[in-house]
Amino acid sequence: MFEAVLPELVRLHARGVHPASFSVRLSGVPESIADEKLDPVRARWPKARFTILASGGEVSFH
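Each residue of the sequence shown is one higher than the one before, starting from 1 at the first, in UniProt numbering.
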């Protein structure tokens, strides 16, 4: 079903860009170390926006 509606969604919403999502969840690693480890990802996509969420021993990047 997804394949059937994808062309229509792209036509209506993509407007020449391709939305992407990237999430990483780490546990048992301090937030500062986790942030440092993802520097290469941020360097590769400098226009991307990231959010760092830390809670209950887990660090998430979205």
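Glycine included, C-beta positions come from ideal geometry on N, C-alpha and C.
Start-to-end residues for the beta strand (DSSP E) that takes in residue i
i	result
Arg25	24-27
Ala34	Per DSSP, Ala34 belongs to no beta strand (DSSP E); it is in the alpha helix (DSSP H), 31-37.
Phe61	58-61
Residue i versus residue j - alpha carbon distance
i	j	result
Pro7	Ala20	16 Å
Pro46	Pro40	10 Å
Glu31	His62	14 Å
Ala48	Asp35	15 Å
Leu9	Arg44	27 Å
Val29	Leu38	12 Å
Coil, strand or helix - residue i by DSSP
i	result
Ala20	coil
Whole-Å CB distance - residue i paired with residue j, under 8 Å assumed
i	j	result
Glu58	Ser27	5 Å
Arg25	Ser55	In fact, because the Cβ distance is near 11 Å, the residues do not count as touching under 8 Å.
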